[in-house]
Amino acid sequence: RRIDAFAAPDDEGAPVLLDQRIAAGSGNVYKSEALFARRLHPGTPLAALEQEARRALWEAAARQLRANLHTVGSRVTVPGGLAVYGRARRPCRRCGTPVERAVQAGRSTYWCPRCQPLQGSSSRWVRSNSSSKRSGSSW
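Just so you know, we're using my numbering here: the sequence shown kicks off at 76 and counts up by one.
Set out below in structure tokens:
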């Protein structure tokens with residue numbers, strides 16, 4: 076499997092989704108949206124996910140990408156537009172909790188802290204009032 080060949084177990088799901096060696100086409104928007112669809116926090120280490128959960132994550136990104144191939148302008152992943160991408164501090168479309176934003180590898184990542192709790196051990200993610208940041212990192 077490509078993910079095992081190119082990603083380390085302690086790599087976080089969000090940056091790995093952008094690795095075009097693993098699966099081409101999944102960009103920044105679909106990264107956040109696929110993680111939301113699978114209820115995965117962007118900082119969850121791959122080691123915390125079973126093989127089936129990893130596969131389901133990439134399938135969610137691919138499904139969203141295919142659904143938007145022929146759209147012009149706005150992308151849609153849920154009724155009304157996007158679930159979390161670009162919605163920092165706005166209510167989650169699923170539960171109403173404010174969506175959070177962090178920058179990973181120079182790219183914005185959005186998630187709902189209630190719907191997408193952190194799995195596994197990752198002390199690098201800390202909460203603040205307006206957004207989440209990863210401490211001790213050069214995002």
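We put the CB at the ideal spot given by N, CA and C, even for glycine.
- Query: Which first and last residues belong to the alpha helix (DSSP H) in which Glu125 is found?
  - Reply: For Glu125, there is no enclosing alpha helix (DSSP H), as DSSP marks it with neither H nor E.
- Query: From Tyr160, Asp85, Tyr105, pick the residue whose C-alpha is nearest to that of Leu93; which is it?
  - Reply: Tyr105
- Query: With contact counted as at least three CB pairs below 8 Å, one residue from each stretch, are the region 152 to 167 and the region 105 to 119 in contact?
  - Reply: yes
- Query: Got a sec? Which residues, its chain only, sit under 7 Å from Arg231 by beta carbon, not counting five neighbours each side?
  - Reply: It is not possible to answer for residue 231, since the shown part of the chain is limited to 76 through 214.
- What span of residues does the alpha helix (DSSP H) with Glu108 cover, start to end? 103 to 112
- Message: For Arg141, which residues in the same chain have their Cβ closer than 6 Å to its Cβ, ignoring the five residues on either side in sequence?
- Response: none
- Pro192, DSSP secondary structure in three states: coil
- Task: Count the other C-beta atoms from every protein chain shown that fall within 10 angstroms of the C-beta of Leu144, then say buried if there are 16 or more, exposed otherwise.
- Result: exposed
- Given Glu87 as reference, the closest of Ala131, Arg169, Ala135, His116 once Cα atoms are compared: His116
- Straight-line CA distance for Asp85 to Pro120? Between Asp85 and Pro120, the C-alpha separation is close to 5 Å.
- Message: Please state the DSSP three-state secondary structure of Ala158.
- Response: Here DSSP, grouped into helix, strand and coil, assigns Ala158 to coil.
- Note the first and the last residue of the continuous alpha helix (DSSP H) segment covering Val178. No alpha helix (DSSP H) contains Val178, which is instead part of the beta strand (DSSP E) from 175 to 179.
- Could you spell out where the alpha helix (DSSP H) holding Leu92 opens and where it closes? 88 to 92
- Query: Can you tell me the Cα-Cα spacing of Ala99 and Gly171, whole angstroms?
  - Reply: Cα-Cα distance, rounded: 32 Å.
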